[in-house]
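Worksheet for the structure shown next.
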């Protein structure tokens, strides 16, 4: 650990907060929009140093504040910082004029960086709350009824997740015999803890809610649809990865736990296919991408579940690399919606081709970043049932992404032809290029070389799911408008309907109670006497 690495580590979560404090005066608020993309630079530097082999740690025992960055955190922090820079450039032109939006943006960013480097339970919990709660302001940016509803649902799920996490941390702390709150210590003690099963259940519930595993997924489509495009890009790519790093940090991958691992993998695969099944019924581009995120987070959960079931070495790093690719691609695809809407006829083909490459890379199209990401997770998934389900989920992802591309092309054709806005165009192009280049840079660091990836066998194994998914998309085209339309948020709508029904039932009972109270006492007495006489007559038979 050198001095520069230590400074960058401390500055990673602190810079957004310091910049926000410095811009507190009215005279400096114009500078706040620039801070949206400048603040991630220390995190980017810390990540690059870590991936290069330089880990760092910082401790302030007096306040119980400890930070640590390793290769797993470095991989995720690198792409998250790139996304925050790109999304910040996109937001700086329009959304950043709203001071409240900028404040929530900087707070969410600080928490987003902090969870990757937190080394103890208290620090992690505070930073996890920071990445979760201020996002409410990003979702509420438009101020319409849909935004208010989405923000309310999001906060309800967030509070529930925070409660689960607090209970989980209490059990983790109780299971550590020496009273340490360091994440490494409590996870090392977890397999032998009497609170193991309860802690694992709460950990999976809390972070599973954050990454929108089924059936805890309903908040995500509403949130991403309501949020402005830069905010949706940041939330989908960066903020949701707080749940990924949570599972990576708090699942004991060094100990084989078949029951818990297989259960997590099962929920992950259910989410992977459910996200596609509902996503292909959607016609709002942001909603389609939201269900795609549910599907992709399901795949990541399945990878971690299989790794936990058999204590497969490297599962944490493999999962981080897969998630890193999703960060860049999903963020860029959200920005693609805005770029395609304003692109001139000259640049529209470029927008569509790059969007197609990114979209199909999520399915593992050979020679793309997603292809390498899927090769990385082959070890935890194996060649059995889990491997087959992963291949089928890639085919399903192809189907969903082709649906997205058709909607994107249709929207672009219907949009008026204007010049592309420079800021959002530049940020989108940078993210698009990063989504292709960064996985190629990370793969040798994780695997050690590209030799096995470039074999004909590896290419074919990745190609057939994409071809199969394309064939499914072609076969379903005649039924595209006949598919059952599922309202965005699906399960949330059922919950709201049940809640409204319960309210109506309560109102009915209340009116009945008022009616009964209005009856004369004599009438009630006669009724009781009649019932008693009827009962006596029946008993005498």
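Numbering (my numbering), first residue to last: 28 to 568. Here a beta-carbon is modelled for each residue, glycine too, at the ideal position from N, C-alpha and C.
8 Å contact criterion, which residue i and residue j should meet: CB distance rounded
i	j	result
residue 246	residue 184	4 Å
residue 237	residue 206	No, residue 237 and residue 206 are not in contact; Cβ-Cβ is about 28 Å, not under 8 Å.
residue 239	residue 167	With 8 Å as the limit, residue 239 and residue 167 do not qualify as a contact, their Cβ atoms being about 19 Å apart.
residue 32	residue 81	5 Å
residue 148	residue 95	Their Cβ separation, rounded to whole angstroms, is 13 Å, which puts residue 148 and residue 95 out of contact at 8 Å.
residue 60	residue 129	7 Å
residue 233	residue 188	5 Å
residue 194	residue 227	Incorrect: roughly 12 Å between the Cβ atoms, too far for contact.
Neighbourhood of residue i by C-beta, 7 Å cutoff - its chain only, sequence neighbours within 5 removed
i	result
residue 266	135, 139, 158 and 162
residue 437	none
residue 283	336, 337 and 338
residue 160	185
residue 99	275, 343, 344 and 347
residue 291	231, 328, 331, 332 and 335
residue 200	148, 208 and 213
residue 43	66, 133, 136 and 137
residue 78	98, 101, 102, 105 and 472
residue 45	none
Same chain, Cβ closer than 6 Å to residue i, five either side skipped, listed in chain order
i	result
residue 105	74
residue 113	454, 457 and 458
residue 334	280, 342 and 407
residue 47	133
residue 244	321
residue 58	50
residue 492	418, 421 and 422
residue 261	114
Minimum C-alpha distance to residue i - residue among the options
i	options	result
residue 425	411, 499 and 137	499
residue 294	326, 282 and 276	326
residue 399	486, 215, 95 and 491	486
residue 110	79, 150, 287 and 355	355
residue 376	387, 388 and 363	363
residue 277	298, 208 and 471	208
residue 250	484, 296, 227 and 170	170
residue 155	271, 252, 243 and 175	271
residue 432	416, 285 and 384	384
residue 379	393, 359 and 390	359
residue 235	260, 269, 219 and 491	269
residue 477	396, 434 and 503	396
residue 258	402, 216 and 361	361
residue 288	193, 175, 224 and 492	224
residue 474	401, 416, 198 and 488	401
residue 394	36, 502 and 462	462
residue 403	471, 441 and 373	471
residue 421	488, 435 and 340	488
residue 405	340, 374 and 220	340
residue 370	242, 388, 254 and 435	435
residue 351	172, 483, 464 and 68	464
Bridge partners - residue i, DSSP secondary structure assignment
i	result
residue 209	147
residue 87	92
Boundaries of the alpha helix (DSSP H) in which residue i is found, first to last residue
i	result
residue 452	449-474
residue 313	312-337
residue 280	Element bounds for residue 280: n/a, residue is neither H nor E.
residue 380	375-388
residue 430	412-441
residue 107	98-119
residue 37	30-49
residue 235	223-237
residue 182	172-201
residue 294	285-306
residue 263	Counting along the chain, residue 263 falls outside any alpha helix (DSSP H), and DSSP gives it neither H nor E.
residue 60	59-65
residue 254	Looking at the DSSP string, residue 254 is not in any alpha helix (DSSP H), and its letter there is neither H nor E.
residue 77	68-78
residue 396	396-403
residue 370	Looking at the DSSP string, residue 370 is not in any alpha helix (DSSP H), and its letter there is neither H nor E.
residue 220	Unbroken run through residue 220: none, as it is neither H nor E.
residue 489	483-503
Cut-off 8 Å between Cβ atoms - residues of its own chain near residue i, not counting five sequence neighbours on either side
i	result
residue 211	146
residue 427	302, 303, 306, 307, 315, 318, 319 and 322
residue 180	245, 246, 249, 250, 516 and 519
residue 26	This structure cannot speak to residue 26, because the chain is shown only from 28 to 568.
residue 204	216
residue 176	249 and 253
Minimum Cβ-Cβ distance from residue i to chain B less than 8 Å
i	result
residue 280	Among the chains of the structure shown, chain B does not appear; only one protein chain is present.
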